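In what follows, a structure is listed as C-alpha cells, so that the remarks can point back to it.
Here's what the structure looks like:
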C-alpha cells in the first residue's frame, strides 16, 4: 500500500501561527491521526480538505497564543523595551571598539545626511514662501540674448495697458554705492530700489515701520535687521538719515528681518522707487540698467495668455521695429533660481540636477554608514552565537530575539543621533562658509524636517538592524552551543564582500566626482584666459583723470596703467552689429569695450593680425576697431589677415577693422566667447586698471588710495583684484567643489571606520590561523597580504562598477559649460590609486599588529 502524503502545509502553518505553543503539539497530533484514518476511509483529497477545515476551526480565543500561560509579554512593552536597552548598553560596554566604530560611523552619516537635507530643502523652496508665488512672474526680454532685466519704462506701460494685473512692481539692484551716516562713509554692495507694490508681491517679515507706506515717499529707505544693528546699534533707526552717493538724504522708514536664505534677492538697504522715478521714466526700451519688473496675475489668468499679448504691447508703445527684434517673456518666480538662461552676477542660478546630485550624495553617505553596521554586525554574529543558543534553549522565540536585536540597534542609532546633533552644530557653520549658504539649526525643529529626520532614523534602524537580526535569530541552538556556526553557515562572507564592494563603489564615485570638479575649477581659473590677470586691480577713474594718471605713473609700485570702459573680464556694454558685405544683415550681438593705447599691451592680448588700438585726437567718421576671432568667424573669415580693412556697422556706426586679437574670456566659461569690438573713446574711460609690482604691494595700494582720495574727497575708494573678480564668476561651481570635498571626506572616513572594524574582527577570528602560519614559517608580509589581498580585489571590482557610472553622470555635468575639460583615464587612475592607498592604510595597522603577535599566546589554548 502506498504511503499517505502529508496534510496540506498551509494548514500546519496556520496552526503554528495561531495556536499557543503549549497546545500546538497535542492539536497537531490529534488532527494528524484523524487525517491518517480519514484518508483510508474517504480518500486523500477529501481528507486533506477536512484537515484544512479542522485547522481553521482552531482559530478561536481559547487556542490563541495570547491565552496561553507562556509568552504573555508583548514584544514592545515598556518592560521589554527597558530590557532591550539594558542588554544593548551592556553589549556596547562589553565591545567598546565595536560600539565606537558603529556610533561614530552612524553619527557622521546621520549628521551629514541631515545637513544635506537642510541644504536641499533650502534649495528646492526658493521664493515659494511668498503668498502669491505661484501667480508671480518676472518680466524678461529675449532679443539677441536672454536678459532678466528690462527697461524702467516697461512697468509704467504695463500698468497702463494691463489694468487687470493684480500687482506690478519694479526693483533695481545697485552693484555698489557709498553711504554716509553722520561723518562716517561706508561702501555697500547690497543696495536696491523698489516701489510700494514690492511689499504686496513679496512677503518679507517686518520688525518696524508700516510696510504699506514705508516705500511710498521719495527719499525713504528700509533697512534689514543686520544693517540696522551694524550702523545704529541699539538705537532706534526709524527717522535717522542716511546719505547715498553724496546725492540723496534718505530717511529710515522701516526695518525688516534679514532676508531668508531661499530667496533670489540679496539687498540690505531698500530705497523707495519714488526717489529715482522721474529719471527712470525717461528710459527708452533698450536702456537696460539691471532693473527687474515683477507681475502678479489674477488667479484665473494664465501666463501664456498674457505673454501672447506682449508683442502687440511692444508694437503699440515702441513701434514695429522693436517688436520684430524683441520679445517679452514671463518667467515664473519659483523658476528664477534654477533657470541658467538668466544667470547674472546678482542672481546665481543652480540647476535642479545639481541639487538632486547632492541629495544622491546624502543617500550614499547614509547607505555607507548602514553598510558598516551590517558588515560589523554579521561579522560579530558568530561571537554571539552561544548567547543566541542559550536564549533559545531557555525558551526565547525568534520574534523576541529579533525584537531584542532591533532594540539594540535602535539604542545604538539613538546614541548616534545624539552625537549627530552635536556634529550638526559644527557642520552647519562649516557648510555655510564652504557653500556660501545660510542655514539655521532651528530648521531641524520644523515639523516637516522632523518628520523626514524621523523617517531617516527609522529607515537606518531597519537597514542596519533587520538583516543581522534575522541572521542571528535564525541560529539553531544545538549548532550555536557547539560553536559550529561559521561565516559560511550563515552566508556572511558573500554578503559582506558584496556590501564592501558597494561601499568602495560609493567611495570611488565620490572621489572621482570630486577630482572632476576640482579639475574643472582649475580649468576655469588657471587655463589660458587670453589675457594676464595677476596683480591687476581695477577701480573707478573718478575726477581729474589726467592728474590721476600722472600720480600712478610716478608711483614706483605701479608697473603699468590702462584706462577703459571695462577690463577684459568685465562686461561693460553690448550692441548690435551688421556686415552686409558678408551677408550679415540681421543684427548680431557684440560686446563693446572702449580702451586706451596701453590696454592691449598691459593685458597681453595677443594680436594675430593688423595693428593695436592707438591714441587718436578727435573723432573719426569711420571708427578704427580691433575685433576678436569670434567676430570675424561671424563674417565667415577664418584667416585674421584677410579681415584687415573690412568694414562693418557696430552700434550703428561705420567701423573699419584694423586688427584682430585672439579670443579672450570676458564672460564665464558657461557660455561661448562672444564677438567683441575694441575701440578708442576717452569719454567712456570709467575704469582704471593698474598692474602692480609684487614687491611691497600693500604700501602701493595704500599710496594709490591716498592719491585717489585726495582727488575725490567726497567719495570712498574701492578696488578689486582681477583674479578675485574672475573667481566670483564661478562661485556656484566653487560651492559644488566645496560640497564634494566636505562630504567626500565624510564618506571616506565612514568607509575607513567600517573597514578598520571589519579587519579588526577578522584578525580576532583568524588569530589561531595566523599563529599556525607563523609557526610554519610565514613572513610578516605574507600575513599582511593574507588580510589585504581580498580587499584589493574588492577595490578593483568596485572600480569597474563605479568608473562607467561616474563617467556618464560627470560628463553630463560638464556639458553645462561651453568650455570644459575632457574626461581622460588619468582622473580615474588617480581615484583607483587613492582608494587602494586608503584601504591599505586602513587594513595595514591591524594586519601588521596580527602578523607581529606572538604565536605562542594564540595557540596556548589548543
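Residue numbers (our numbering): 810 to 1671. Even for Gly, the Cβ is constructed at its ideal location relative to N, Cα and C. As the structure is a prediction and not an experimental result, all values here were calculated from the model.
DSSP bridge partner residues for residue i (one or two, in chain order)
i, result
"residue 1136", "951"
"residue 1404", "1373"
"residue 1348", "1497"
"residue 1052", "989, 1058"
"residue 1424", "DSSP lists no partner for residue 1424."
"residue 1101", "980"
"residue 1397", "1386"
"residue 946", "1104, 1141"
"residue 1462", "1459"
"residue 1529", "1347"
"residue 1063", "1031"
"residue 863", "Per DSSP, none; premise fails for residue 863."
Span of the beta strand (DSSP E) around residue i
i, result
"residue 997", "993-997"
"residue 1634", "It is not in any beta strand (DSSP E) - residue 1634 instead sits in the alpha helix (DSSP H) that spans 1634-1661."
"residue 980", "976-982"
"residue 1124", "No beta strand (DSSP E) contains residue 1124, which is instead part of the alpha helix (DSSP H) from 1112-1127."
"residue 1488", "1485-1488"
"residue 1419", "1416-1419"
"residue 1017", "1015-1017"
"residue 1023", "Residue 1023 -> no beta strand (DSSP E), and no H or E assigned at all."
"residue 1432", "1432-1437"
"residue 1248", "Per DSSP, residue 1248 belongs to no beta strand (DSSP E) and is neither H nor E."
CB-CB length for residue i against residue j, believed under 8 Å
i, j, result
"residue 987", "residue 1031", "Not quite, the Cβ-Cβ distance comes to about 19 Å (not below 8 Å), so this is no contact."
"residue 1422", "residue 1408", "7 Å"
"residue 1564", "residue 1651", "5 Å"
"residue 1047", "residue 1017", "6 Å"
"residue 1566", "residue 1308", "Rounded, the Cβ-Cβ distance is 13 Å, inconsistent with contact."
"residue 915", "residue 1235", "About 16 Å separates the two Cβ atoms, so there is no contact after all."
"residue 864", "residue 824", "5 Å"
"residue 1674", "residue 1318", "Residue 1674 lies beyond the residue range present for the chain, which begins at 810 and ends at 1671; the question has no answer from this structure."
"residue 1072", "residue 935", "7 Å"
"residue 1062", "residue 1023", "4 Å"
"residue 1159", "residue 1146", "6 Å"
"residue 1474", "residue 1338", "5 Å"
Distance CB(residue i)-CB(residue j) smaller than 7 Å
i, j, result
"residue 1386", "residue 1457", "yes"
"residue 1324", "residue 1636", "yes"
"residue 1418", "residue 1449", "yes"
"residue 1521", "residue 1352", "yes"
"residue 1217", "residue 897", "yes"
"residue 1477", "residue 1434", "no"
"residue 1641", "residue 1313", "no"
"residue 1060", "residue 1029", "yes"
"residue 1118", "residue 944", "no"
"residue 923", "residue 1233", "yes"
"residue 1322", "residue 1571", "no"
"residue 1374", "residue 1354", "no"
"residue 828", "residue 867", "yes"
"residue 1070", "residue 1246", "yes"
"residue 1401", "residue 1340", "no"
"residue 1399", "residue 1486", "yes"
"residue 1310", "residue 1607", "yes"
"residue 1122", "residue 970", "yes"
"residue 1027", "residue 1084", "yes"
"residue 1579", "residue 1655", "no"
"residue 1143", "residue 942", "yes"
"residue 1058", "residue 1052", "yes"
N-terminal and C-terminal residue of the alpha helix (DSSP H) that residue i is part of
i, result
"residue 911", "905-933"
"residue 1341", "No alpha helix (DSSP H) contains residue 1341, which DSSP labels as neither H nor E."
"residue 1076", "Neither: residue 1076 is in no alpha helix (DSSP H) and is coded neither H nor E."
"residue 1455", "No alpha helix (DSSP H) holds residue 1455; DSSP gives it neither H nor E."
"residue 1003", "No alpha helix (DSSP H) contains residue 1003, which is instead part of the beta strand (DSSP E) from 1000-1003."
"residue 1355", "1354-1362"
"residue 1620", "1589-1623"
Near the ligand NAD: residue i beta-carbon under 6 Å from a heavy atom
i, result
"residue 1552", "This structure lacks the ligand NAD; in fact it carries no ligand of any kind."
Practice prompt. Count the C-beta pairs between the stretch 1493-1504 and the stretch 1458-1470 that are closer than 8 Å, then say yes if the count reaches three, no if not.
Written response: Contact between the stretch 1493-1504 and the stretch 1458-1470 is absent, because fewer than three Cβ pairs lie under 8 Å.
Worksheet entry | Meets three-Cβ-pair contact criterion under 8 Å: the stretch 1331-1348 and the stretch 1523-1531 | Yes, the stretch 1331-1348 is in contact with the stretch 1523-1531.
Worksheet entry | Three CB pairs or more closer than 8 Å across the stretch 916-930 and the stretch 1154-1174 | With the cut-off at 8 Å, the stretch 916-930 and the stretch 1154-1174 touch.
Discussion item. Below 8 Å, how does it come out for the stretch 951-962 and the stretch 1081-1095: are there three or more Cβ pairs, yes or no?
Written reply: Cβ pair count under 8 Å is three or more, so yes.
Discussion item. I'd like to know if the stretch 1355-1367 and the stretch 1507-1524 are in contact, where contact means that at least 3 CB-CB pairs between them fall below 8 Å.
Written reply: They touch, by the three-pair rule.
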